[in-house]
Amino acid sequence: MGCAIGSLFSSVACCCGSAACSLCCKACPSMKNSTSTRLAYAFFLILGAIVSAIMLIPGLGNTLKKVLPGVCTNISIPFVIDHNQLINCESIIGYFAVYRVCFSLACFYFLFMLLMAYVRSSRDPRASIQNGFWFFKFLILLGICIGAFFIPQNAGFEEVLMYFGIIGGFLFILIQLILIIDFAHSWNESWVEKFENGDKEYYYGLFIFTGIFYILALVIAILGYIYYASNAGCGLHIFFITFNLVLCVLATVISVLPKVQEYNSTSGILQSSFVTLYVMYLTWSAMSNNSNRQCNPGIIGIVHPSVITTTRSNSNFTTLIPTTVSPVQPYSPSSHVLDTPSIVSLILWFMVILYSTFSSASKGDKILGSNRETTSLTDIEPDDDKESDRQKVWDDESDQVAYSYSGCHFVFGLASLYVMMTLTNWYKPNSSDLTSFTANEPSMWVKIVSSWLCIILYIWTCIAPLVLKDRDFS
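All the letters of the sequence shown, read from the start, carry residue numbers -19 to -1, 1 to 455 under mature numbering (1 follows the signal peptide of the UniProt record, and there is no 0).
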């Protein structure tokens, strides 16, 4: 990450030059031009996610009023119907701020997705825009973000963006599923190969991690039955947990069938256990988005049994309130806090972004859309003894791009929408009260359908060599 920051600011000195000029940092390791570029774009994305998370800090609005009293009370908002409207610090933080920051990120990446369409090699003039001009790109992103905060809150912007966020978040979950399954297969292949070469510790490692993953998945299922499916009327949650457990057992059995092993020798229970754990996590996350608090106590309700459920009459949203506290209004933009499933989702999101950025062309480009079929001479690091003590960023795309530029920006754009939905707990803006967000039932189905697709995709990776015998899956 430090290399990305260094490469970003070093480009100010030569922002009109090539990537080899703009991405120069003596302390950073040498890398391909394609890798350094994706790293820089990933840095933009992670930076935006960090800023969005900061906007959710409790009490930030009061802090801004104390630190910047003039800004919060005396400056009017231009370009709106009521020119006398003043900036309210409470309205530019919380979920509303997350929507605007992530909207800016999505616009930035989708804009570059269109600009970089059909770039075939670094000889294309647009490739210099993709791989350079980082200072100006940062200004463009900053300008879009500042402009987004001038969008009025009563214009239905949040409601419309929420639906785009659900669609984009669902698509990113599908991409995340593919990368996770690919990672599981790669992990198993690597350790099996090392075991076959005589390293017995990897054999024990396979069994240890397989056992850990299955145990954790079983714990999630048991806790789900106890806390999310024990009350009357929670039959849907019972179905989710039971059906997904059956699917996971089926996937495990299929992965070790002799016929499957004959055509797909790398198929094994390590991948099955890893996918099982992820599927049960998605099941737990889906149940955590159920608006029925009798079936969704949340972590607060589990840890503190004294918390009771109070339902707001004009919405489906319920909030958990201690018995010693009088009922309060549902979440306001200044009081939103991430729930545990969202925190886990962000950790997975961060790992997936790093995996897709740093993985080799043969793996990461399965999602980013590589057109490279063979390794050209430009993939080989140039040998320059005089520059051996400095970072070298060499052009590996003069013959053919190492990844689809548009595909890369498309994935990062979807990742921005996924972050937006995750940081806002997949809630939706309340059309009758723009100061609050309510539970979002469709998000529960987005996640549960994703868990089913995960199992389907994994089973297909196991049986594809058996079904399509004429194709080479090596």
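Think of the CB as a built atom: it goes at the ideal place given N, C-alpha and C, for glycine as much as any other residue.
If we count the other Cβ atoms within 10 Å of its Cβ and call it buried at 16 or more, is residue i buried or exposed?
{"i": "Y99", "result": "exposed"}
{"i": "T247", "result": "buried"}
{"i": "R81", "result": "buried"}
{"i": "E139", "result": "buried"}
{"i": "residue 541", "result": "In this structure the chain extends from -19 to 455, so residue 541 is not present and cannot be described."}
{"i": "P410", "result": "buried"}
{"i": "R452", "result": "exposed"}
{"i": "R19", "result": "buried"}
{"i": "V333", "result": "buried"}
{"i": "W441", "result": "exposed"}
{"i": "P239", "result": "exposed"}
{"i": "Y76", "result": "buried"}
{"i": "P106", "result": "exposed"}
{"i": "G113", "result": "buried"}
{"i": "G192", "result": "exposed"}
{"i": "Y22", "result": "buried"}
{"i": "I147", "result": "buried"}
{"i": "I31", "result": "exposed"}
{"i": "I35", "result": "exposed"}
{"i": "N225", "result": "buried"}
{"i": "N178", "result": "exposed"}
{"i": "T44", "result": "exposed"}
{"i": "K118", "result": "buried"}
Between the alpha carbons of residue i and residue j, how many angstroms are there, rounded?
{"i": "Y384", "j": "S15", "result": "8 Å"}
{"i": "M401", "j": "Y90", "result": "14 Å"}
{"i": "I429", "j": "V260", "result": "9 Å"}
{"i": "L231", "j": "I250", "result": "12 Å"}
{"i": "V427", "j": "D180", "result": "42 Å"}
{"i": "L395", "j": "F24", "result": "15 Å"}
{"i": "R101", "j": "Q381", "result": "6 Å"}
{"i": "Y386", "j": "L28", "result": "20 Å"}
{"i": "F331", "j": "V325", "result": "10 Å"}
{"i": "Y408", "j": "I189", "result": "38 Å"}
{"i": "I328", "j": "G388", "result": "23 Å"}
{"i": "L447", "j": "V237", "result": "13 Å"}
{"i": "A1", "j": "S109", "result": "At A1, the pLDDT of 40 sits below 50, so the modelled position is not reliable; the number obtained from the coordinates is stated separately. One C-alpha to the other measures close to 10 Å."}
{"i": "L37", "j": "I156", "result": "27 Å"}
{"i": "F130", "j": "Q111", "result": "27 Å"}
{"i": "I127", "j": "T233", "result": "50 Å"}
{"i": "A202", "j": "L152", "result": "26 Å"}
Between which residues of its own chain and residue i is the CB-CB distance below 6 Å, once the five residues before and five after are set aside?
{"i": "Q275", "result": "N212"}
{"i": "D370", "result": "Only weak support is given to the placement of D370: the predicted model assigns it a pLDDT of 49, under 50, and the value that follows is read from those uncertain coordinates. None."}
{"i": "F176", "result": "Y183 and Y184"}
{"i": "F93", "result": "H390"}
{"i": "V200", "result": "none"}
Among the options, which one has its Cα closest to the Cα of residue i?
{"i": "S424", "options": "V256, C443, T403 and I436", "result": "T403"}
{"i": "I162", "options": "I436, L449 and I444", "result": "I436"}
{"i": "P39", "options": "S269, A445 and I74", "result": "I74"}
{"i": "L449", "options": "Y244, V79, Y336 and E177", "result": "Y244"}
{"i": "L120", "options": "I444, S85 and N406", "result": "S85"}
{"i": "H390", "options": "Y209, Y76 and M97", "result": "M97"}
{"i": "V227", "options": "T264, V333, G186 and K240", "result": "T264"}
{"i": "T321", "options": "N277, T338, I334 and I219", "result": "N277"}
{"i": "G214", "options": "S272, M94 and F153", "result": "S272"}
{"i": "S397", "options": "L122, I110 and E174", "result": "L122"}
{"i": "L269", "options": "Y209, L199 and M94", "result": "The question names Leu, yet the displayed sequence has Ser at residue 269. Measuring from the Cα of S269, the nearest candidate turns out to be Y209."}
{"i": "L197", "options": "I31, G29, K47 and Y262", "result": "Y262"}
{"i": "G150", "options": "T44, N169, Q111 and A87", "result": "A87"}
{"i": "V241", "options": "L26, Y399 and I444", "result": "I444"}
{"i": "V392", "options": "A78, L95, I35 and A34", "result": "L95"}
{"i": "L204", "options": "S266, I35, L155 and L37", "result": "S266"}
{"i": "S432", "options": "K13, I154 and K47", "result": "I154"}
{"i": "Y336", "options": "N178, A165, Q252 and S236", "result": "A165"}
{"i": "Y399", "options": "F145, F188, S379 and T233", "result": "F145"}
{"i": "L142", "options": "I189, I110 and V79", "result": "V79"}
{"i": "W115", "options": "S17, A202, T44 and I201", "result": "S17"}
{"i": "N169", "options": "I127, Q252 and V234", "result": "Q252"}
Below 7 Å, is the gap between the Cβ of residue i and the nearest heavy atom of the ligand NAP?
{"i": "L204", "result": "Among the ligands in the structure shown, none appear at all, so the ligand NAP cannot be discussed."}
Tell me which same chain residues have a C-beta within less than 7 Å of the C-beta of residue i, skipping the five on either side of it?
{"i": "F194", "result": "S254, F255, T257 and L258"}
{"i": "K344", "result": "At K344 the pLDDT is 47, less than 50, meaning the model places this residue with poor confidence; the figure from the coordinates comes in the next sentence. Around K344: D163 and S167."}
{"i": "E422", "result": "S272"}
{"i": "L358", "result": "In this prediction, L358 scores a pLDDT of 35, lower than 50, which makes its location untrustworthy; the coordinate-derived value is nonetheless stated afterwards. No residues qualify anywhere along the chain."}
{"i": "G186", "result": "W172"}
Taking 8 Å as the limit between beta carbons, can you name the residues of its chain near residue i, skipping five residues before and five after?
{"i": "Y206", "result": "I219 and I222"}
{"i": "I132", "result": "R81 and F138"}
{"i": "I125", "result": "S85, C88 and F89"}
{"i": "R104", "result": "S379"}
{"i": "C229", "result": "A198, S253, V256, T257, V260, M261 and I436"}
Q: Note down, one range per segment and in chain order, each alpha helix (DSSP H) of at least 4 residues found wholly within the region 122 to 187.
A: 138 to 177
Q.
Ignoring anything shorter than 4 residues, give me the alpha helix (DSSP H) runs that lie fully in the region 208 to 249, in order along the chain.
A. 216 to 236 and 239 to 244
Q: Can you check the region 380 to 447 for any alpha helix (DSSP H) of at least 4 residues that lies completely inside it and give the ranges in chain order?
A: 386 to 404
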